[in-house]
């Protein structure tokens with residue numbers, strides 16, 4: 041009987057030690073972020089930034105300064121450049137109260153596993169793709185247009201009309217080499233076939249409270265859009281900037297993706313000045329997510345600075 045009790049006590053002690061050891065094991069790292077959307081109010085409108093993910097870019101794509109200077113700019117901004125710069129890809133949904141407007145669509149399934157999250161994050165934010173009324177494209181590069189198509193080739197936004205500037209459409213659907221334009225043409229094809237594609241003038245009104253601003257250079261018909269509600273204005277500027285760390289401090293730094301680098305540089309300087317003078321809220325496709333903030337004039341020369349919005353747990357409003 042005594043031996044039995046002793047064995048019983050020992051077994052209980054061993055079990056308790058095993059339990060303590062198990063509890064001492066740390067949980068695994070989760071390796072995930074919160075859903076990729078962020079909201080702000082713009083007058084009576086609701087603006088939702090949607091992350092499509094990121095693309096890895098070689099710093100050598102930046103031109104107009106020697107590599108050592110570009111490395112210094114990236115280092116000063118604590119941007120890792122090796123093995124590549126992780127560059128955000130963002131889209132922006134505007135709820136006007138009368139409908140949903142989506143600016144750009146991300147890369148869909150065309151550009152690898154780090155992109156293609158717009159539709160998922162749209163759903164996470166509380167909306168369905170079939171609720172989008174209008175898709176407005178700043179330009180027709182794959183990381184902006186290919187999110188129009190699902191992997192099975194069906195339109196992601198079946199109820200939406202797709203808008204793009206006429207100069208941009210004329211280039212990609214007409215004059216551009218087939219190798220460069222094939223993905224844009226494929227992404228637009230079902231919308232064109234359904235009569236849900238139209239073009240607009242390079243500058244001027246596009247929809248009520250949405251105005252096109254011609255910002256060529258990155259592509260021939262690259263377009264930015266000014267959205268206004270109750271006196272508050274948002275500039276959706278597409279690919280005016282690809283590197284926050286380099287191109288605000290040095291707007292004369294271009295990227296090899298620009299079809300006309302000199303024109304892209306002049307457009308960037310002009311757009312920065314517009315954002316500063318108008319104190320505009322800016323939505324940037326390749327600024328660090330959520331890509332929303334303001335531009336501030338720098339202290340010397342042509343330098344500017346990016347001032348990102350501060351996080352708010354409720355839908356943030358711009359200061360009056």
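In the working numbering, the protein residues as written are 41 to 360. Using N, Cα and C, we set each Cβ at its ideal position, and we do this for glycine too.
Check: Between residue 274 and residue 128, which are expected to be in contact by the criterion C-beta below 8 Å, what is the C-beta distance as a whole number of angstroms?
Finding: Between residue 128 and residue 274 the Cβ distance is about 18 Å, and since that is not below 8 Å, they are no contact.
Next item on the list: Determine the contact status of residue 314 and residue 321, defining contact as a CB-CB distance below 9 Å.
Entry: With respect to residue 321, residue 314 sits apart: the two C-beta atoms are not nearer than 9 Å.
Note to self: Comparing C-alpha positions only, which one of 80, 67 and 75 sits nearest to residue 349?
What the structure shows: 80
Note to self: Taking the beta carbon of residue 353 as the centre, do at least 16 other beta carbons fall within 10 Å, making it buried, or is it exposed?
What the structure shows: exposed
Margin query: Report the CB separation of residue 197 from residue 172 in whole angstroms; it is logged as a contact under 8 Å.
Written below: Correct: roughly 5 Å between the Cβ atoms.
Next item on the list: Using three-state DSSP, classify residue 295 as helix, strand or coil.
Entry: strand
Notebook entry, point to check: Apart from the five residues just before and just after residue 78, which ones in its own chain have a Cβ nearer than 6 Å to its Cβ?
Noted result: Spatial neighbours of residue 78 in its own chain (CB-CB distance under 6 Å, excluding positions within 5 residues in sequence) are listed in chain order as 89 and 330.
Next item on the list: Check whether the Cβ of residue 317 lies closer than 9 Å to any Cβ atom in chain D.
Entry: Note that chain D does not occur in the displayed structure, where there is just one protein chain.
Notebook entry, point to check: Can you round the beta-carbon distance between residue 246 and residue 252 to whole angstroms, since I take them to be within the 8 Å contact cut?
Noted result: Yes, they are in contact, since the Cβ atoms of residue 246 and residue 252 sit about 5 Å apart, within 8 Å.
Next item on the list: For the stretch 90-148, list the beta strand (DSSP E) runs that are entirely contained and at least 3 residues long, ordered along the chain.
Entry: Taking only runs of at least 3 residues, the beta strand (DSSP E) segments lying wholly in the stretch 90-148 are 125-135 and 140-143.
Notebook entry, point to check: Where does residue 343 sit, in a helix, a strand or coil, going by DSSP?
Noted result: coil
Check: Of the residues 186, 241 and 289, which one's Cα is nearest the Cα of residue 221?
Finding: For residue 221, the closest alpha carbon among the candidates 186, 241 and 289 is that of 186.
Next item on the list: Determine contact between the stretch 223-238 and the stretch 176-190, defined as no fewer than three beta-carbon pairs at a distance below 8 Å.
Entry: yes
Note to self: Under 8 Å: do the stretch 163-182 and the stretch 126-140 share three or more Cβ pairs, one atom per stretch?
What the structure shows: yes
Note to self: Measuring CB atoms only, is the stretch 273-287 touching the stretch 150-169, in the sense that at least three cross pairs come out at less than 8 Å?
What the structure shows: no
Checklist line | Cα-Cα separation between residue 346 and residue 210, rounded to whole angstroms | finding: 33 Å
Margin query: Can you look up residue 200 in the DSSP assignment and give me helix, strand or coil?
Written below: coil
Next item on the list: Tell me, to the nearest whole angstrom, how far the beta carbon of residue 179 is from that of residue 261; I am working on the premise that it is less than 8 Å.
Entry: Contact flag correct, Cβ pair sits at about 7 Å.
Checklist line | Element boundaries [beta strand (DSSP E), containing residue 267] | finding: 263-269
Note to self: Check this for me: beta carbons of residue 134 and residue 267, under 9 Å apart or not?
What the structure shows: yes
Notebook entry, point to check: Could you check where the alpha helix (DSSP H) with residue 361 kicks off and where it finishes?
Noted result: The question about residue 361 has no answer, for the chain in this structure spans 41 to 360.
Checklist line | Which of helix, strand or coil DSSP assigns to residue 213 | finding: helix
Next item on the list: Tell me whether the beta-carbon of residue 131 lies closer than 9 Å to the beta-carbon of residue 145.
Entry: yes
Notebook entry, point to check: What residue does the alpha helix (DSSP H) around residue 231 start on, and which one ends it?
Noted result: 218-233
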